[in-house]
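Presented below is the structure to which this report refers.
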Amino acid sequence: MVTTALTLMLPDWLKSTNGEPDKLILSAPMSGSQTENLRFAGTRQYDWRHPICIQSVPCEDSSPDLICSSTQATCITSRVEIDLENIRLKETSGAIEIDFSAEITLAIHRINFDLDQDGLVTSPLPADLIRRAIALGDRKDGGLLAGSELSVPLDIGTGEIIDLEISNAGMASLAETISQRSAALFDDNKITNLPMDFGFAKYTMDVDMVSTPFYAEVEEFELPTSIEPSDYVAFEVGARIDNARATITSEQDDMYLNIGQSSIFSIFEESFGWPFGEPITNDFGVGFEKAKMKQKIMPIMEHTQFGTIRSSALIIIHMPDDIRFISFESRTGFASLSEEDGRQVLTYLTPICPNAATWTICKKNSDTITYNVEYSWSVIFAELVPYLVLLSIGLTMMVSRFIRRRNERKSTKQKLLDEKELIETESAAVAEFGEMASPIIMVEESFFEEK
2 MVTTALTLML PDWLKSTNGE PDKLILSAPM SGSQTENLRF AGTRQYDWRH PICIQSVPCE
62 DSSPDLICSS TQATCITSRV EIDLENIRLK ETSGAIEIDF SAEITLAIHR INFDLDQDGL
122 VTSPLPADLI RRAIALGDRK DGGLLAGSEL SVPLDIGTGE IIDLEISNAG MASLAETISQ
182 RSAALFDDNK ITNLPMDFGF AKYTMDVDMV STPFYAEVEE FELPTSIEPS DYVAFEVGAR
242 IDNARATITS EQDDMYLNIG QSSIFSIFEE SFGWPFGEPI TNDFGVGFEK AKMKQKIMPI
302 MEHTQFGTIR SSALIIIHMP DDIRFISFES RTGFASLSEE DGRQVLTYLT PICPNAATWT
362 ICKKNSDTIT YNVEYSWSVI FAELVPYLVL LSIGLTMMVS RFIRRRNERK STKQKLLDEK
422 ELIETESAAV AEFGEMASPI IMVEESFFEE K
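See below:
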């Protein structure tokens, strides 16, 4: 059979896995047709089978700050930083108001997904290649995949599938879409009957975040300077919650959390009823000896279109000046308490189950945090102000009423004395001059004076 051969020299970043690696030889018969299987791979092989830690060097699967193990093809972590701006105890309504802002960062180190295309097999993509693909997508209208049969369908959480444009413009459009549909996203993903064990009592919580002022945002990505693909520097997308207020109300053993522009946060049920025993006072304020609360924290395990994600979340909370933690500990040692610019900072790394195949196995890696708080005198006095005002008004009314009644009693007493004196004068006149037949009216001399 007579054939014609065409030799293509491959670029230095691509190699053929059948035949010579630096070239591709295509053969075609002079008549008829034939099919060839072409296989390519990158010359700079990316090995994803390694663990990722927050700080540990070297990072191993047994490191205490492990966030992804060497067996996880998809490695996605998160960071939540909360700034508690103000806390107000609302004793009259049995509540605590907390004004806060938050920043949420989703960090993608590597991601494994299937494009669902026949003959196309993909391996996990590192963060560097994701950034490179987005930056290259800016060079073409419609993004990197425009004009091809490939697409990236994405469910943002509401069940609606959108085709993600691989470019910086596409990422900005995705962030805007998530921000606009955040209410529907939270409504479709409500949390109900979440168990909450504070140590002194157990509750179930329902969470409603429909009114949360939530805004997704992404930075603009540029081509990485290194030609070696890596997943150590994560590809990050973020979100923020601005000027929010959390509301928790309680009914017996049920708690209801609502986050919006104006809400309330509370775990107290009785007005001025200390649920933790007698208070202990010091120079800072008031604490409770028996108020060491406990909370069970479960690992993160989610089944997504990118596979099963078993990851951790780094949580950072900046406390206001009026609330201070006496202790903040976890069974696994992942909780810490520090100070920054005069404010307490709570840091906690959620537990992880990197090799668990089922949730039953994963939840065995749960953690328990214990903490105790005390409230400053300024918070206590601020809460007492309404009562002091009412007390002052009450005392003022009591004093005013006392003075008024005292004057009334004094006036009545004087009137009785005047009437008694008049009767005694009339009796003396009768005794001296005798009783007259005609009625006599006794008046003072001023009665005859000319007016």
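Using my numbering, the final residue of the sequence shown is 452, and nothing's skipped along the way. Where is the CB? At the ideal position from N, CA and C, for every residue including glycine.
Shortest alpha-carbon distance to residue i belongs to which of the options?
| i | options | result |
| --- | --- | --- |
| Ser102 | Thr18, His110 and Glu86 | Glu86 |
| Ile242 | Gly143, Ser180 and Glu223 | Ser180 |
| Val153 | Leu165, Gly160 and Gly144 | Leu165 |
| Asn190 | Thr159, Ser412, Phe329 and Asp368 | Thr159 |
| Ala176 | Gln56, Tyr216 and His110 | Tyr216 |
| Lys365 | Ala185, Glu422 and Pro352 | Pro352 |
| Ile310 | Ala170, Glu420, Arg344 and Leu107 | Leu107 |
| Ile55 | Gly43, Ala42, Ser70 and Asp48 | Ser70 |
| Pro321 | Ile88, His51, Ser57 and Glu37 | Ile88 |
| Ile109 | Ser367, Ile53 and Leu145 | Ile53 |
| Thr213 | Leu186, Ile167 and Ser231 | Leu186 |
| Ile99 | Met31, Ala245 and Phe114 | Ala245 |
| Phe222 | Asn169, Leu195, Met302 and Val58 | Asn169 |
| Asn356 | Thr36, Ile317, Pro59 and Gln73 | Gln73 |
In whole angstroms, what separates the C-alpha of residue i from that of residue j?
| i | j | result |
| --- | --- | --- |
| Ser312 | Val346 | 23 Å |
| Lys297 | Ser227 | 43 Å |
| Thr75 | Glu104 | 23 Å |
| Met10 | Ala29 | 18 Å |
| Arg40 | His319 | 53 Å |
| Ser183 | Glu61 | 37 Å |
| Ala235 | Arg45 | 19 Å |
| Leu338 | Gly148 | 53 Å |
| Thr18 | Asp342 | 57 Å |
| Thr361 | Asp13 | 48 Å |
| Ala173 | Thr4 | 51 Å |
| Glu330 | Asn373 | 10 Å |
| Ile68 | Ile26 | 44 Å |
| Ser264 | Thr193 | Confidence is the limiting factor: at Ser264 the pLDDT is only 38, short of 50, which leaves the residue's position unreliable and the question unanswerable from this model. |
| Phe335 | Asp323 | 25 Å |
| Lys295 | Trp49 | 38 Å |
| Ala240 | Val211 | 15 Å |
| Phe326 | Thr348 | 12 Å |
| Gly143 | Pro127 | 23 Å |
| Asp232 | Glu150 | 28 Å |
| Ile112 | Ser32 | 45 Å |
Tell me the DSSP secondary structure of residue i in three-state form.
| i | result |
| --- | --- |
| Asn244 | strand |
| Asn169 | helix |
| Arg140 | coil |
| Leu11 | coil |
| Ser79 | strand |
| Asp419 | helix |
| Leu130 | helix |
| Ile362 | helix |
| Glu104 | strand |
| Ser367 | coil |
| Leu175 | helix |
| Ile55 | coil |
| Ile424 | helix |
| Thr4 | strand |
Along the alpha helix (DSSP H) that carries residue i, what are the first and last residues, could you check?
| i | result |
| --- | --- |
| Leu186 | Ser183 to Asp189 |
| Thr18 | Careful: Thr18 lies outside any alpha helix (DSSP H) and carries neither H nor E. |
Applying the criterion that 16 or more other CB atoms from any shown protein chain within 10 Å of the CB defines a buried residue, is residue i buried or exposed?
| i | result |
| --- | --- |
| Ala358 | exposed |
| Val219 | buried |
| Ala6 | exposed |
| Ser328 | exposed |
| Lys141 | exposed |
| Thr78 | buried |
| Ile135 | buried |
| Ile527 | In the structure displayed, the chain extends from 2 to 452; residue 527 sits before or after that span and is not available. |
| Ala42 | exposed |
Starting from residue i, trace the beta strand (DSSP E) in both directions and tell me its first and last residue.
| i | result |
| --- | --- |
| Cys69 | Leu67 to Cys69 |
| Ile318 | Ala314 to His319 |
| Ile327 | Ile324 to Ser331 |
| Ile163 | Ile162 to Asp164 |
| Ile26 | Lys24 to Pro30 |
| Leu146 | Here Leu146 belongs to no beta strand (DSSP E), and DSSP marks it neither H nor E. |
| Thr348 | Arg344 to Leu350 |
| Ala357 | Neither: Ala357 is in no beta strand (DSSP E) and is coded neither H nor E. |
| Glu218 | Phe215 to Glu218 |
| Asp156 | Pro154 to Asp156 |
| Tyr204 | Lys203 to Asp209 |
Closest Cβ-Cβ distance between residue i and chain C: below 8 Å?
| i | result |
| --- | --- |
| Phe101 | Checking the listed chains, one finds no chain C in this structure; it contains a single protein chain. |
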